[in-house]
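Enquirer: Note that the numbering used here has the sequence shown beginning at 30, numbered continuously upward.
Quick reminder that beta carbons are idealized off the backbone N, C-alpha and C, glycines included.
Please find one structure pasted underneath; my questions will follow.
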Amino acid sequence: MIFIFTALYPEAKPLIRMLGLKKRTDRTRFQQFVSSDYMDIMVTMKRMSSDGSGADIRPDIVLVITGVGPVNAAAAVSATLTEYDAGSADQMLSFGTAAFLHGAVKSNGTAGVFLLNKLLDQNAGRCFYPDMLIKCDIPEASAITGSTVLSERAAAFMAVSAENYDIYDMEAAAVYQTSAFYIGPHQMSFIRVVTDSGISDDIKDIKSLSEMVAATVEKYVDQILCYVDKLRELSLAEVRKMKEPDEKDSELVDKIINDAHFSRVMQDQFRQYVKFAVLSGINWREEAERLYREGELPTIDKRKGKKVLDAIRNSISE
């Protein structure tokens, strides 16, 4: 599953359109956008079940509007990752706009898209480093996360005191720190589109600002979508890896099937039990080794094999 967090709707608008996402009307705290296929599945599940079950079905992608600032970002990220039970196969993308400070970013002009490799929490003075696992053509940059919109005075101070940082935003470090409670640094990515100097009176008209943000993001939407596709590939690869027992497990599974004289139905059940154990981090091999050690394996017939299957199932479900 892919989680995308943006602070403002104008930042997300081009992605929502290109990804074909629809707003979830059953969520009120933070706006969520998911695929239309997921929406159709949820409607069908609710019609088929009187208790509205289906909450454990997750979309392949969810985009969340967090609101501006570190507090809003932290609240939205925590609520969303908890709701969808984020795990080791998931990927998170924090996307939004930022202000240029100086360095390579400023020399490129006032617009550009950057992958963040270093995040500084201005308030706490702590640095964070997302793992850069994906190869792409998006240039890298470092960012400072503050809690207020830049003033001219603050921007001038940053030019001197933060000379090693390229851009300024108000969410990235908070998103990182909150996500770290649920996923690892290798599952986090941060992309920012630089739009302006960040000084609060650059554009006072809200409508003009929204249009400018959406138009700037639109220029780089193809690069961003390409990155999202790579996140999907990573996530799917991890899911496949988790679902497939390793080579030793596969050998033991085949041996037990033969030694226990499992029927075709019993074989399928046994493989499902093993997959569940692997996904849950349960050491099912210990029970299998006990059965061999105590002479319950190999069995003489399928009837004895049923007892073996029950023993392994019980050890996994305890």
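Near Glu247, which residues of its chain fall below 8 Å by C-beta distance, leaving aside the five closest residues on each side in sequence?
Expert: Stepping through the sequence shown from its first residue, residue 247 is reached at position 218. The answer, listed in chain order, is Pro43.
Enquirer: Who are the Cβ neighbours of Ile212 in its own chain at under 7 Å, not counting the five residues just before and after it?
Expert: Residue numbering aside, residue 212 sits at position 183 when the sequence shown is read from its first letter. Same-chain partners within the cutoff: Ala115, Asp119 and Met121.
Enquirer: Confirm, please, whether the CB-CB distance from Gly96 to Met199 is below 8 Å.
Expert: Numbered from its first residue, the sequence shown carries residue 199 at position 170. Numbered from its first residue, the sequence shown carries residue 96 at position 67. Contact: no.
Enquirer: When the distance is taken between beta carbons, is Ala36 closer than 8 Å to Ala103?
Expert: Indexing the sequence shown from 1 puts residue 103 at position 74. Indexing the sequence shown from 1 puts residue 36 at position 7. No, these two residues do not count as a Cβ contact at 8 Å.
Enquirer: Could you check the C-alpha separation between Val63 and Ile285 for me, to the nearest Å?
Expert: What you label residue 63 is simply residue 34 of the sequence shown in a count that begins at 1. What you label residue 285 is simply residue 256 of the sequence shown in a count that begins at 1. Computed Cα separation, rounded: 43 Å.
Enquirer: Assuming Ile33 is part of the beta strand (DSSP E), what are its boundary residues?
Expert: Reading the sequence shown from its first residue, position 4 is the one you call residue 33. Counting along the chain, the beta strand (DSSP E) containing Ile33 begins and ends at Ile31 to Thr35.
Enquirer: Please classify Arg206 as buried or exposed, where buried requires at least 16 neighbouring CB atoms within 10 angstroms.
Expert: Sequence index remark: in the sequence shown, residue 206 carries index 177 (1-based). One detail in the question is off: residue 206 reads as Gln in this sequence, not Arg. Gln206 is buried by the Cβ-count criterion.
Enquirer: Considering Cα atoms alone, identify which of Thr54, Gln151 and Asn312 is closest to Tyr197.
Expert: Looking up residue 197 in the sequence shown gives position 168. Measuring from the Cα of Tyr197, the nearest candidate turns out to be Gln151.
Enquirer: Within 10 angstroms of its Cβ, does Asp258 collect 16 or more other Cβ (buried), or is it exposed?
Expert: On the sequence shown, position 229 is the one that residue 258 refers to. It is exposed - the Cβ of Asp258 has fewer than 16 other Cβ atoms within 10 Å.
Enquirer: Alpha carbon to alpha carbon, what distance is there between Thr126 and Leu223?
Expert: The residue given as residue 223 occupies position 194 in the sequence shown. The residue given as residue 126 occupies position 97 in the sequence shown. First, the residue type needs correcting, since residue 223 is Val and not Leu in the sequence shown. Whole-angstrom Cα-Cα distance: 6 Å.
Enquirer: Leaving out five residues on either side along the sequence, give the residues of the same chain with a beta carbon under 7 Å from the beta carbon of Met47.
Expert: Mapped onto the sequence shown, residue 47 falls at position 18. Once the five neighbours on either side are set aside, the close Cβ partners of Met47 are Val250 and Leu254.
Enquirer: Let me know the secondary structure DSSP gives Leu145 once reduced to three states.
Expert: Numbered from its first residue, the sequence shown carries residue 145 at position 116. Reduced to three states, the DSSP call for Leu145 is strand.
Enquirer: Pull the bridge partners of Gln61 from the DSSP assignment, please.
Expert: Taking the first residue of the sequence shown as 1, we reach residue 61 at position 32. In the DSSP output, where bridge partners are listed per residue, Gln61 has Val93.
Enquirer: Have a look at Asn312 and Glu347 and give me their C-alpha separation to the nearest angstrom.
Expert: For the purposes of this step, residue 312 is taken as residue 283 along the sequence shown, with counting starting at 1. For the purposes of this step, residue 347 is taken as residue 318 along the sequence shown, with counting starting at 1. If you take the alpha carbons of Asn312 and Glu347, they lie about 12 Å apart.
Enquirer: Just mark Ala209 as buried or exposed, buried being the case when its beta carbon has 16 or more other beta carbons within 10 Å.
Expert: To locate residue 209, count along the sequence shown from 1; it is residue 180. So Ala209 ends up on the exposed side.
Enquirer: Pick helix, strand or coil for Arg155, following the three-state DSSP scheme.
Expert: Taking the sequence shown and counting its residues from 1, the one referred to as residue 155 is at position 126. Strand at Arg155.
Enquirer: Consult DSSP for Val249 and reduce its assignment to one of helix, strand or coil.
Expert: Against the sequence shown, residue 249 aligns to sequence position 220. First, the amino acid is wrong: residue 249 is Tyr here, not Val. Coil, per DSSP.
Enquirer: Could you pull out every residue in the same chain whose Cβ sits closer than 7 Å to the Cβ of Ile344, ignoring the five residues on either side in sequence?
Expert: To locate residue 344, count along the sequence shown from 1; it is residue 315. Position check: residue 344 holds Ser in this sequence, whereas Ile was assumed. Within the same chain, Ser344 has close Cβ partners Trp313 and Glu316.
Enquirer: So, helix, strand or coil for Lys164, using DSSP?
Expert: Within the sequence shown, the letter at position 135 stands for residue 164. Of the three classes helix, strand and coil, the one that applies to Lys164 here is coil, per DSSP.
Enquirer: Under the assumption that Asp69 contacts Ile31 (Cβ atoms under 8 Å), give the Cβ distance between them as a whole number of angstroms.
Expert: Translated into positions along the sequence shown, residue 69 becomes position 40. Translated into positions along the sequence shown, residue 31 becomes position 2. Going by Cβ atoms, the distance from Asp69 to Ile31 rounds to 19 Å, so no, they are not a contact pair.
Enquirer: Please name the residue, chosen from Thr177, Pro214, Ala41 and Arg293, that lies closest to Val91 on a Cα-to-Cα basis.
Expert: Along the sequence shown, one-based indexing puts residue 91 at 62. Closest option to Val91, Cα to Cα, is Ala41.
Enquirer: Could you pull the start and end residues of the beta strand (DSSP E) that Gln298 belongs to?
Expert: Stepping through the sequence shown from its first residue, residue 298 is reached at position 269. No beta strand (DSSP E) contains Gln298, which is instead part of the alpha helix (DSSP H) from Arg293 to Ser309.
Enquirer: What would DSSP say about Arg269, mapped onto helix, strand or coil?
Expert: In the sequence shown, counting from the first residue as 1, residue 269 sits at position 240. Looking at Arg269 - three-state DSSP - the assignment turns out to be helix.
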